[in-house]
Amino acid sequence: NDTIRHYFRHCWRYMDAYRRGLNVKQAAYAVKKYKSHRRIPANIMMDINIIQRGALG
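In this text, residue positions in the sequence shown follow the numbering used here: the first is 4, and each later residue adds one.
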């Protein structure tokens, strides 16, 4: 039962990330970073943009 619940939450976080417009790589990052949360926070795009700017500059 716990395994099914864990898998469902994991899938739900991916669906939430895709719903917010993240691509595959960004969604994987968000799911890994926020794995203890029930959903991906609304400000995830700002977080990802800051990380991308840091990697470029």
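Backbone N, C-alpha and C define an ideal beta-carbon position, used for all residues, glycine too.
| Check | Outcome |
| --- | --- |
| Coil, strand or helix - R23 by DSSP | coil |
| Assigned secondary structure, I3 (DSSP; H/G/I helix, E/B strand, else coil) | Here the chain comprises residues numbered 4 to 60, so residue 3 is not present and cannot be evaluated. |
| DSSP state of Y37 mapped onto helix, strand, coil | coil |
| Sub-8 Å separation of R23 and I43 beta-carbons | yes |
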